[in-house]
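First the structure, in the form of C-alpha cells, and then the observations on it.
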Amino acid sequence: DIQMTQSPSSLSASVGDRVTITCRASQGIKNDLGWYQQKPGKAPKRLIYAASSLQSGVPSRFSGSGSGTEFTLTVSSLQPEDFATYYCLQHNSYPFTFGPGTKVDIK
Amino acid sequence: EVQLLESGGGLVQPGGSLRLSCAASGFTFTSDAMSWVRQAPGKGLEWVSAIGRGGTNTYYADSVKGRLTISRDNSENTLYLQMNSLRADDTAVYFCAKGGLSTKGFDYWGQGTLVTVSS
C-alpha cells in the first residue's frame, strides 16, 4: 500500500499570509494526488485533483504542484474562511490513502 | 445539483451488524464509481471501500476486508455498506463519496452518518 505523509501537521498563520503544505508518497504516483479541505463537523471538499487541476468553483488563491512523490498545496493569500484542516489523497491505485492532515489555525 | 444522502447509522454492540445507505441524485449514477470514507472521532480521513460503475469490481481497506461489504443498486441510485462483526475501532462518521480512479478522487461527498460501536 502507498503511504502518505504531510508536513507540517499544524501551522498558525495570519490573514493574507502565503501558506504551503507538503505531501509525500512512499512510492511514485505520477500526478494522482488531490487536496481536500475540511471544516469541523462538515464533509471534506475537494480543492485540487491530478496534483494541479483546480476544482470548479474553488478560488484561484489555491494551487497545487508536484509529481512522483512530492506535492505541495499553496494558498497565496490566506482568507478567514480558509482556516481548516487539509488532507492530501493519493488516487493512483486502491487502496486509496489520505495523508494525516494539516490543521491551519489563526495566529 | 448533486446530492448524496447517507442513512442507517446508529449505536450497535460489538460483534453486531448495520447497513448504511447512500441515496444519490443529480447525476447519472451509473457513470461513476462510488466510495465510502470514514473518520473516527477527532481523527483523520480513512478510505474504506470503493465499487465500480457496474457493481462487479469492489475494493477494500485491509482494516475492513472480510467484515464490510460494499454494493450498489443502479436501478435505485443507491450505494450500500453492509457492516458485520463490528468492533469499537469501527466507530466513525461514514461518508459516501462520488468517484474513484477514473474521476481522480472524490468530487462530491455526503454529509456523513455516525456509527457508534459500544456495549
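Residue numbers (the working numbering), protein chains in the order written: chain A, 628 to 734; chain B, 34 to 152.
For glycine and all other residues, C-beta sits at the position ideal for the given N, C-alpha and C.
Thinking residue i and residue j are a contact (beta carbons under 8 angstroms), I'd like their distance in whole angstroms, please.
| i | j | result |
| --- | --- | --- |
| Y714/A | P671/A | 7 angstroms |
| S82/B | Y92/B | 6 angstroms |
| S639/A | T649/A | Not a contact, Cβ separation roughly 17 angstroms. |
| V35/B | K131/B | 7 angstroms |
| L700/A | V685/A | L700/A to V685/A, Cβ: 11 angstroms. No contact. |
| A66/B | G133/B | 3 angstroms |
Which residues in the same chain have their Cβ closer than 6 angstroms to the Cβ of residue i, if we skip the five residues on either side of it in sequence?
| i | result |
| --- | --- |
| R100/B | N117, S118 |
| F128/B | V70, W142, G143, G145 |
| G88/B | R105 |
| F60/B | V35 |
| A677/A | N658 |
| G695/A | G655 |
| N719/A | I656, D659 |
When the Cα atoms are used, what is the spatial distance from residue i to residue j?
| i | j | result |
| --- | --- | --- |
| L705/A | V126/B | 29 angstroms |
| G85/B | F62/B | 11 angstroms |
| V646/A | A56/B | 37 angstroms |
| R120/B | S692/A | 39 angstroms |
| R688/A | V45/B | 44 angstroms |
| S642/A | D140/B | Checking the displayed sequence, the identity of residue 642/A turns out to be Val instead of Ser. Answer to the nearest angstrom: the Cα atoms are 27 angstroms apart. |
| L78/B | T712/A | 11 angstroms |
| N90/B | E708/A | 39 angstroms |
| F710/A | Q664/A | 9 angstroms |
| T32/B | P727/A | Because chain B here runs from 34 to 152, residue 32/B falls outside it and cannot be looked at. |
| Q115/B | G138/B | 22 angstroms |
| L681/A | S690/A | 7 angstroms |
| G668/A | V148/B | 15 angstroms |
Does residue i come out as helix, strand or coil in the three-state DSSP assignment?
| i | result |
| --- | --- |
| A121/B | helix |
| A670/A | coil |
| R191/B | Since the displayed chain B opens at 34 and closes at 152, residue 191/B lies outside it and no answer follows. |
| S82/B | strand |
| Q115/B | strand |
| L134/B | coil |
| G98/B | Here residue 98/B turns out to be Lys, not Gly, going by the sequence shown. Of the three classes helix, strand and coil, the one that applies to K98/B here is coil, per DSSP. |
| D732/A | strand |
| G143/B | coil |
| F128/B | strand |
| V685/A | coil |
| R651/A | strand |
| T149/B | strand |
| F723/A | coil |
| I629/A | coil |
Apart from the five residues on each side of it in sequence, which residues of its chain come closer than 7 angstroms, Cβ to Cβ, to residue i?
| i | result |
| --- | --- |
| Q717/A | I629, M631, A652, I656, D659, L660, F723, T724 |
| K76/B | none |
| W80/B | S68, V70, A94 |
| G41/B | L51, R52, L53, S54, T146 |
| V150/B | V45, P47, L119, R120, A121, D123, T124 |
| S58/B | Q36, N110 |
| S152/B | Q46, P47 |
| G49/B | L119 |
| K666/A | A711 |
I'd like the list of long-range same chain contacts for residue i, defined as Cβ closer than 8 angstroms, with 5 residues on each side in sequence excluded.
| i | result |
| --- | --- |
| S64/B | R86 |
| S637/A | T729, K730, V731, D732 |
Inset, instruction - Mind listing, in chain order, the continuous beta strand (DSSP E) runs of no fewer than 3 residues lying wholly within the stretch 691 to 717 of chain A? - result: 697 to 702, 712 to 717
Inset, instruction - Only counting runs of 3 or more residues, tell me where the beta strand (DSSP E) segments fall wholly within the stretch 36 to 77 of chain B, in order along the chain. - result: 36 to 40, 43 to 45, 51 to 58, 67 to 72
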